[in-house]
Amino acid sequence: MPDAGDDSELQLRKFQKELSAGTVSLALLAVLGSAGEPMYGYQIAKRLESLDGVLSGKQSALYPVLRNLSAAGLLDSHVEPSVAGPPRRYYRITEAGRLTLQQWTAAWRATRDSVDAVLEGERQ
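Residue numbers (UniProt numbering): 1 to 124.
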């Protein structure tokens, strides 16, 4: 019979997965929006990991999101040969991606502020 600690851990993992679903797309657009040049997947993953675990060590989750953002016209991509391995796909944010980044950033901040206000009320 599972104990409350096991159930709590499962609930936490589920919550983190749900939070991650939207925030990874926003974080990807932000990284590429601030990049001075196109970046390939591994570079993007390393940048995200350096920002305190946005990807939580799940680099493989990055590639489907990059493909979805590209399909939506928010990123452009091209493939270049690599001296040290297989060809690399480089990504660059589009103008539509920049507009979306601005909108998503505003939505994120409004949501964060609302949730913070509720959480602050809980602590009183």
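Glycine included, C-beta positions come from ideal geometry on N, C-alpha and C.
Chain-order list of residues whose beta-carbon lies under 8 Å from that of residue i (same chain, five-residue window excluded)
{"i": "G97", "result": "L29, L32, G33, L69, G73, L74, L75"}
{"i": "I44", "result": "L28, V31, L32, L62, L66, Y91"}
Beta carbon of residue i nearer than 9 Å to that of residue j
{"i": "S77", "j": "Y63", "result": "no"}
{"i": "I93", "j": "A35", "result": "yes"}
{"i": "residue 126", "j": "R88", "result": "Because the chain in this structure spans residues 1 to 124, residue 126 falls outside the shown range and cannot be described."}
{"i": "S25", "j": "W104", "result": "yes"}
Bounding residues of the alpha helix (DSSP H) (the contiguous stretch that carries residue i)
{"i": "E49", "result": "41-50"}
{"i": "A71", "result": "62-71"}
Assigned secondary structure, residue i (DSSP; H/G/I helix, E/B strand, else coil)
{"i": "E37", "result": "coil"}
{"i": "V79", "result": "strand"}
{"i": "L32", "result": "helix"}
{"i": "L74", "result": "coil"}
Span of the beta strand (DSSP E) around residue i
{"i": "G85", "result": "85-93"}
Cutoff 6 Å; reference residue i; Cβ partners in own chain excluding five residues on either side
{"i": "Q59", "result": "A45"}
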